[in-house]
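One structure below.
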Amino acid sequence: MSARPVSGAEWTDRYQGAVMNTFGTPARVLVKGDGCWVWDVDGNRYLDLLGGIAVNALGHAHPAIVEAVTMQLGTLGHVSNFFATEPQVRLAERLLDLLGDRGGDTGSRVFFVSTGTEANEAAIKATRRTGRTTIVAAEGSFHGRTMGALSLTSKQAYREPFEPLPGDVRWVPYGDVEALRAAVDETVAAVVLEPIQGEAGVVDPPEGYLRAAREITTAAGALLWLDEVQTGIGRTGHWFAHEVEGVTPDLVTLAKGLGGGIPIGACIGLGAAGELLGPGQHGTTFGGNPVATAAALAVIDTIQHDGLLAHVSAVGDVLAEGLADHPAVAGITGRGLMRGVVLTEPVAAQVVAAGYDAGLVLNAPTPERLRLVPPLVLGVEDARRAVRTLRSLLDETAEGSAT
Ligand SMILES: *Cc1c(COP(=O)(O)O)cnc(C)c1O
Numbered sequence: 001m002s003a004r005p006v007s008g009a010e011w012t013d014r015y016q017g018a019v020m021n022t023f024g025t026p027a028r029v030l031v032k033g034d035g036c037w038v039w040d041v042d043g044n045r046y047l048d049l050l051g052g053i054a055v056n057a058l059g060h061a062h063p064a065i066v067e068a069v070t071m072q073l074g075t076l077g078h079v080s081n082f083f084a085t086e087p088q089v090r091l092a093e094r095l096l097d098l099l100g101d102r103g104g105d106t107g108s109r110v111f112f113v114s115t116g117t118e119a120n121e122a123a124i125k126a127t128r129r130t131g132r133t134t135i136v137a138a139e140g141s142f143h144g145r146t147m148g149a150l151s152l153t154s155k156q157a158y159r160e161p162f163e164p165l166p167g168d169v170r171w172v173p174y175g176d177v178e179a180l181r182a183a184v185d186e187t188v189a190a191v192v193l194e195p196i197q198g199e200a201g202v203v204d205p206p207e208g209y210l211r212a213a214r215e216i217t218t219a220a221g222a223l224l225w226l227d228e229v230q231t232g233i234g235r236t237g238h239w240f241a242h243e244v245e246g247v248t249p250d251l252v253t254l255a256k257g258l259g260g261g262i263p264i265g266a267c268i269g270l271g272a273a274g275e276l277l278g279p280g281q282h283g284t285t286f287g288g289n290p291v292a293t294a295a296a297l298a299v300i301d302t303i304q305h306d307g308l309l310a311h312v313s314a315v316g317d318v319l320a321e322g323l324a325d326h327p328a329v330a331g332i333t334g335r336g337l338m339r340g341v342v343l344t345e346p347v348a349a350q351v352v353a354a355g356y357d358a359g360l361v362l363n364a365p366t367p368e369r370l371r372l373v374p375p376l377v378l379g380v381e382d383a384r385r386a387v388r389t390l391r392s393l394l395d396e397t398a399e400g401s402a403t
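With UniProt numbering applied, the sequence shown corresponds to residues 1 to 403, in that order.
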């Protein structure tokens, strides 16, 4: 005799009785994923255009990650940071290599963590070692939810319940070179920027912004810190979004897609910035865990061997070109497989809700914007299917708001 299946509604009820209510009501209860598809407990299938918020770079249950994690866990699953492990060293070298650096005598070094906010906390501590305390951050920014990273996150609703927040933070409008120039003086330790703002709804800076930020920070002796937690590791069709501008930052923070679903992040100091934190000045129990670093190596290897950077650019264009001419769409932002769909009406939440019923996982970071950050392995056929479904959702929503 089999037990009575527990429905999504029942699981949701149990969730609400046991899990702290910080995320609101879960949209669905998911039980399985394969490639770019996920299934809920009630048997419905969804094409996943959110990918765990830009995390599932290789989709769900990718054999390369499953094998790397299984092998490593069966060999050496965790050690303390009193010890080094092979995957940890290899991943640090690999990340520096992807950034065009070789480590060693260049000074560049990597600090491993488990999440994006933690990568940014490490960077904040590194900036304090310059002897300066002011950090310049951009309006619309998202850098995480722990107290330090939250102090650099602009959204009032996230900040207000926890004030006073730490830090000497100076705010500038994102993308405004002259405002940045005016804000950065010799008291500034660092300027922190997302190369494309993710949580704000995939907001692009004007061309040349990062180059200007590099020039302005260098002139003031301040660090340029790029938060590539969302944009990094292939998301935009480049290993790092800042490559497009040809700049070399001092600090780069990573997480989200790096482990393809296994929690890992990194704070990378390039050149002298790699030596700001010394022995005893920072630490974390899980940072550099062999299973997590093995997973990240599998992600990077797969992106490389499967030619996924070029694929991301091509499939991203299928999405962008397929949606750009819809009358409910005012424009498409972003690059590669990090796209914002700017709507002519503030109906993004309705489109997301209708998407679930149509078998599509979408996301609405703002009332007027959809964000598409699917797995980097999204196939062209699935991208076309997503475009067709999304266009009909937009047709229906436009009709609904007209009547
Ligand atoms: C998601 C995100 C973070 C925070 O990462 P967590 O893993 O949620 O702590 C920081 N910066 C950017 C740009 C992000 O998109």
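Yeah, the Cβ is synthetic: ideal placement off N, Cα and C, and Gly gets one too.
Around the beta carbon of residue 79, fewer than 16 other beta carbons sit within 10 angstroms, so the residue counts as exposed. Contact annotation: the region 329-345 does not touch the region 94-113, with fewer than three C-beta pairs closer than 8 Å. Chain-ordered, the residues whose CB falls short of 5 Å from any heavy atom of ligand 1 come out as 115, 116, 117, 143, 144, 194, 198, 227, 229, 230 and 255. If you look at residue 332, you'll find it in the beta strand (DSSP E) that goes 329-335. Scanning its chain for C-beta atoms nearer than 6 Å, with the 5 sequence neighbours on each side dropped, one finds around residue 142 the residues 153 and 199, in chain order.
Distance from the CA of residue 116 to the CA of residue 99, rounded to the nearest whole angstrom, comes to 18 Å.
For residue 253, DSSP records a beta bridge to 227 and 267.
When rounded, the separation of the alpha-carbon atoms in residue 288 and residue 171 is 33 Å. The Cβ-Cβ distance between residue 189 and residue 128 falls below 9 Å. Between the beta-carbon of residue 214 and that of residue 244 there is about 13 Å, and that puts the pair past the 8 Å contact cut. DSSP places residue 97 in the uninterrupted alpha helix (DSSP H) bounded by 86-98. Taking all protein chains shown into account, residue 151 has 16 or more neighbouring C-beta atoms within 10 Å of its C-beta and is therefore buried.
In the DSSP assignment, residue 168 falls within the beta strand (DSSP E) that extends over 168-172.
According to DSSP, residue pairing for residue 262 in a beta bridge involves 260.
The DSSP assignment places complete beta strand (DSSP E) segments of no fewer than 3 residues inside the region 12-79 at 30-34, 37-40 and 45-48, in order along the chain. Residue pairing by DSSP puts residue 109 in a beta bridge opposite 269. Residue 117: member of the alpha helix (DSSP H) spanning 116-128, first to last residue. Comparing C-alpha distances from residue 31 to each of 377, 237, 318 and 5 shows the shortest one belongs to 5.
For the pair residue 167 and residue 316, the Cα-to-Cα distance works out to about 38 Å. For the pair residue 258 and residue 232, the CB atoms are nearer than the 9 Å cut-off. In the structure shown, residue 181 falls within a helical segment according to DSSP collapsed to helix, strand and coil. The C-alpha of residue 57 is placed about 13 Å away from the C-alpha of residue 306. Assigned with DSSP and collapsed to three states, residue 371 falls in strand. Taking residue 212 as reference, the option from 230, 228, 193 and 203 with the minimal CA-CA separation is 193. When C-alpha distances from residue 63 are compared across 318, 105, 399 and 295, the shortest belongs to 295.
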